[in-house]
Amino acid sequence: MSRLLFVVPPLTGHVNPAVGIAGELAARGHDVAVAGHARVIGELVPPELPLLALPETLGEADRADIVARSRALRGPASLKFLWEDFLLPLAAAMAPAIDAAVDEFRPDVLVIDQQAIGAALVARRRRLHWATLATTSAEFDDPYGVLAGLGQWVADLLRDFQLAQGVPAAEAAAGDLRFSDELTLVTSVRELLRNPDVPGHVAFVGSTVGRRVRTASFPWEWLDPDREAVLVSLGTVTREAGGRFLRAAAEGLLGLAARAQAVLVAPPGLVDDLAAAAPDDLFVAPFVPQVDLLPRLSAVVCHAGNNTVCESLSHGVPLVVAPVRDDQPIIGEQVVRSGAGLRIKFGRAGPTAVRAAVTSVLDTPGHREAAGRLRDAFAAAGGVAAAANRLEKLAV
Amino acid sequence: MSVQGTAGPGGPGRAEAEARVLGEVTEDLREVIGEEYVIDMDITMETTFSHDLEVESIEFVALADRLRERYGEAVDFVGFLATMDVDQVINMRVGEVVRFIVDSLPAPAVAGSA
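Respectively, the protein sequence lines represent chains E and A.
With my numbering, you'll find the first sequence wraps up at 827, consecutive numbering, no jumps.
With my numbering, you'll find the second sequence wraps up at 211, consecutive numbering, no jumps.
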């Protein structure tokens, strides 16, 4: 049996895939722990997985400030903010705590989120076995396109970070902390990439949903067997900022009430009036059991977050995507390119645009067929079991 | 649909050339973005790609294809983008692209284009 330490950033979408794989390894009898910021991730880590708490470097006010500032940003401005104001300060603060956690837990292998750069620094410096866990496939799908300067800017920033942390120049130039040379796990399928040829140490393992700690209840009897069901969700980060879009989506889908019911994930107060006026057609809740709902859905409208997209496709459910920022435009493009869905503009789409896109996804057999082919690809990728197999090989 | 060239930098036809290219770039941008909001939007030299138009990297690829089709190899829009650092991309305005195109197009001026 081996000892494996997972390191996650304080971002919900990154924690759930890690916890799924960690849970599988623990179930196989390995000693597994998760290092992260307890205040953010504590609720997402099941009690059977020990949580090594990293110091909370951000106060509540600082965290709220970062969230508020990031909401106003899109595109390259968002990329710059993410790295300069969030990930690199996080990395610098995390590194000494990871050193201590390694001394305490003595892992055979570290499994490091692609954005937990501070842990990758420690692993490389101490010559430990480590795997990268990429909870989005964007970095493997030419994310910067013709804006090559953006990709170079990130690479330079990461190299300078290593130099500032005392890594010798030649070593810093040779190794990108976002990618382990030993094993990089990606929670997606190669079939979604423009160029599906990846090196042997890069393993696309599909969707790695494990047991979720926080499962919401759902009134299953509300679903009408004679109508289709459409889920609208903007994920954990975006939904607070997505008020305009969520309201437009609700209004748009109510126009389809004769054929489809809408389940909308939204904070209280946003569209409650619409739900009250059409209680049989629109269900609104702050959380829904998304994974359990998927087998009942005919389409998903989302922000093109990798987890929601991959969970939907692994059930063969086609999508309407409204990417907001970060990797979402890339993941949204994967959906469109594969034929499994359509894209609309998050900032601009009104009720008519949402309704038209959903209608098209429901009525065009090609979208469902493309989603069905991807369901097979996700099944073949193996999920948490495949990820655990690769990590076990690294640990011996 | 081709362009025969226009006045060089600072030449007498410069303002006319910029106005014409702005019209052409606007047309290509509207087609690439393909959304209602951009049809109604007044695109000027001061319009920003990131904030105003919300152009994403894949749309830059499509725009580069259109501009190559329209202006030919003389206008190396991909090369122009590749030299930009993150702040330049964040702040890029339509006018910069228009001026780059006008600068790239071969002189001498021949009036009119499709």
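Think of the CB as a built atom: it goes at the ideal place given N, C-alpha and C, for glycine as much as any other residue.
Looking at the structure shown, is residue i part of a helix, part of a strand, or coil, going by DSSP?
{"i": "Ala604 (chain E)", "result": "helix"}
{"i": "Ile761 (chain E)", "result": "helix"}
{"i": "His734 (chain E)", "result": "coil"}
{"i": "Gln583 (chain E)", "result": "helix"}
{"i": "Val191 (chain A)", "result": "helix"}
{"i": "Asp794 (chain E)", "result": "helix"}
{"i": "Val677 (chain E)", "result": "At residue 677 (chain E) the sequence reads Leu, which differs from the Val that was named. If DSSP states are grouped into helix, strand and coil, Leu677 (chain E) belongs with the helices."}
{"i": "Ser743 (chain E)", "result": "helix"}
{"i": "Arg434 (chain E)", "result": "strand"}
{"i": "Leu825 (chain E)", "result": "helix"}
{"i": "Ile140 (chain A)", "result": "coil"}
{"i": "Thr443 (chain E)", "result": "helix"}
{"i": "Ala524 (chain E)", "result": "helix"}
{"i": "Val533 (chain E)", "result": "helix"}
{"i": "Asp807 (chain E)", "result": "helix"}
{"i": "Val183 (chain A)", "result": "helix"}
{"i": "Val696 (chain E)", "result": "strand"}
{"i": "Thr145 (chain A)", "result": "strand"}
{"i": "Thr783 (chain E)", "result": "helix"}
{"i": "Gln101 (chain A)", "result": "Confidence is the limiting factor: at Gln101 (chain A) the pLDDT is only 48, short of 50, which leaves the residue's position unreliable, though a coordinate-based value still follows. Correct three-state label for Gln101 (chain A): coil."}
{"i": "Asp573 (chain E)", "result": "coil"}
{"i": "Asn626 (chain E)", "result": "coil"}
{"i": "Phe197 (chain A)", "result": "helix"}
{"i": "Phe777 (chain E)", "result": "coil"}
Output, in chain order, the set of chain E residues within a Cβ distance shorter than 7 angstroms of residue i.
{"i": "Asp182 (chain A)", "result": "Gly580 and Trp584"}
{"i": "Val157 (chain A)", "result": "The identity of residue 157 (chain A) in the sequence shown is Phe, whereas the question assumes Val. Those within 7 angstroms of Phe157 (chain A) in chain E are Gly576, Val577 and Leu578."}
State the start and end residues of the unbroken beta strand (DSSP E) segment that holds residue i.
{"i": "Ala430 (chain E)", "result": "This structure cannot speak to residue 430 (chain E), because chain E is shown only from 432 to 827."}
{"i": "Ala204 (chain A)", "result": "First-last for Ala204 (chain A): undefined, no H or E at that position."}
{"i": "Glu659 (chain E)", "result": "Glu659 to Ser664"}
{"i": "Val702 (chain E)", "result": "No beta strand (DSSP E) contains Val702 (chain E), which DSSP labels as neither H nor E."}
{"i": "Trp561 (chain E)", "result": "His560 to Ala565"}
{"i": "Leu616 (chain E)", "result": "Leu614 to Val617"}
{"i": "Val633 (chain E)", "result": "Val633 to Phe635"}
{"i": "Leu687 (chain E)", "result": "Here Leu687 (chain E) belongs to no beta strand (DSSP E), and DSSP marks it neither H nor E."}
{"i": "Val620 (chain E)", "result": "Val620 (chain E) -> no beta strand (DSSP E), and no H or E assigned at all."}
{"i": "Leu750 (chain E)", "result": "Leu750 to Val752"}
{"i": "Leu541 (chain E)", "result": "Val540 to Asp544"}
{"i": "Phe714 (chain E)", "result": "Leu713 to Ala716"}
Can you name the residues of chain E whose CB is closer than 8 angstroms to the CB of residue i?
{"i": "Val175 (chain A)", "result": "Val577"}
{"i": "Leu178 (chain A)", "result": "Val577, Leu578, Ala579 and Gly580"}
{"i": "Ala161 (chain A)", "result": "Val577"}
Over the uninterrupted alpha helix (DSSP H) stretch that includes residue i, give me the two end residues.
{"i": "Gln721 (chain E)", "result": "Gln721 to Leu724"}
{"i": "Val129 (chain A)", "result": "Arg111 to Ile130"}
{"i": "Leu160 (chain A)", "result": "Ser154 to Tyr168"}
{"i": "Arg774 (chain E)", "result": "Unbroken run through Arg774 (chain E) is the beta strand (DSSP E), Gly772 to Arg774; no alpha helix (DSSP H)."}
{"i": "Leu552 (chain E)", "result": "Ile548 to Arg556"}
{"i": "Val175 (chain A)", "result": "Phe174 to Ala179"}
Roughly how many whole angstroms lie between the Cα atoms of residue i and residue j?
{"i": "Ser729 (chain E)", "j": "Ser638 (chain E)", "result": "19 angstroms"}
{"i": "Gly444 (chain E)", "j": "Glu143 (chain A)", "result": "37 angstroms"}
{"i": "Ile130 (chain A)", "j": "Asp137 (chain A)", "result": "12 angstroms"}
{"i": "Gly549 (chain E)", "j": "Asn447 (chain E)", "result": "20 angstroms"}
{"i": "Leu825 (chain E)", "j": "Glu487 (chain E)", "result": "31 angstroms"}
{"i": "Gln596 (chain E)", "j": "Arg494 (chain E)", "result": "24 angstroms"}
{"i": "Glu153 (chain A)", "j": "Gln545 (chain E)", "result": "23 angstroms"}
{"i": "Val118 (chain A)", "j": "Ala449 (chain E)", "result": "51 angstroms"}
{"i": "Val663 (chain E)", "j": "His734 (chain E)", "result": "9 angstroms"}
{"i": "Ala816 (chain E)", "j": "Glu455 (chain E)", "result": "7 angstroms"}
{"i": "Glu115 (chain A)", "j": "Gly169 (chain A)", "result": "17 angstroms"}
{"i": "Ser433 (chain E)", "j": "Asp534 (chain E)", "result": "16 angstroms"}
{"i": "Arg675 (chain E)", "j": "Ile775 (chain E)", "result": "14 angstroms"}
{"i": "Leu160 (chain A)", "j": "Arg625 (chain E)", "result": "19 angstroms"}
{"i": "Ser210 (chain A)", "j": "Val194 (chain A)", "result": "For Ser210 (chain A), the predicted structure reports a pLDDT of 49, less than 50, and the residue's modelled location is therefore unreliable. The matter cannot be settled from this model."}
{"i": "Val100 (chain A)", "j": "Glu764 (chain E)", "result": "At Val100 (chain A) the pLDDT is 47, less than 50, meaning the model places this residue with poor confidence and gives no usable figure here."}
{"i": "Met583 (chain E)", "j": "Val175 (chain A)", "result": "What sits at residue 583 (chain E) in the sequence shown is Gln, not Met. Cα to Cα, Gln583 (chain E) sits roughly 15 angstroms from Val175 (chain A)."}
{"i": "Ser619 (chain E)", "j": "Gly192 (chain A)", "result": "40 angstroms"}
Starting from the beta carbon of residue i, find every residue of chain A whose beta carbon is closer than 8 angstroms, and list them in chain order.
{"i": "Pro507 (chain E)", "result": "Ser147, Val183, Val186 and Ile187"}
{"i": "Glu764 (chain E)", "result": "Ile155"}
{"i": "Pro760 (chain E)", "result": "Glu153, Ser154 and Ile155"}
{"i": "Leu510 (chain E)", "result": "Val183"}
Which residues of chain A have a Cβ atom closer than 9 angstroms to the Cβ of residue i, listed in chain order?
{"i": "Gly686 (chain E)", "result": "In chain order: nothing, as chain A lies at least about 17 angstroms away."}
{"i": "Lys824 (chain E)", "result": "In chain order: nothing, as chain A lies at least about 36 angstroms away."}
{"i": "Glu474 (chain E)", "result": "Under the 9 angstroms cutoff, chain A gives no residues; its nearest Cβ is about 33 angstroms from Glu474 (chain E)."}
Just to make sure I have the definition right: I need the residues of chain A whose C-beta is within less than 7 angstroms of the C-beta of residue i. Which are they?
{"i": "Pro782 (chain E)", "result": "Within chain A, no residue comes near Pro782 (chain E); the closest Cβ sits about 13 angstroms away, beyond 7 angstroms."}
{"i": "Gly778 (chain E)", "result": "Glu151"}
{"i": "Glu682 (chain E)", "result": "Residues of chain A passing the Cβ test: none, with the nearest at roughly 16 angstroms."}
Which chain E residues are close to residue i, counting only those with a beta carbon under 9 angstroms from its beta carbon?
{"i": "Ser201 (chain A)", "result": "Here the premise fails: no neighbours, minimum Cβ distance about 16 angstroms."}
May I ask whether a heavy atom of the ligand PLP can be found less than 6 angstroms away from the beta carbon of residue i?
{"i": "Ala802 (chain E)", "result": "What this structure holds is no ligand at all, so the ligand PLP is not there to describe."}
Worksheet entry | Segments of 3+ residues assigned as beta strand (DSSP E) that fall wholly inside the segment 456-518 of chain E | 462-467 and 482-484
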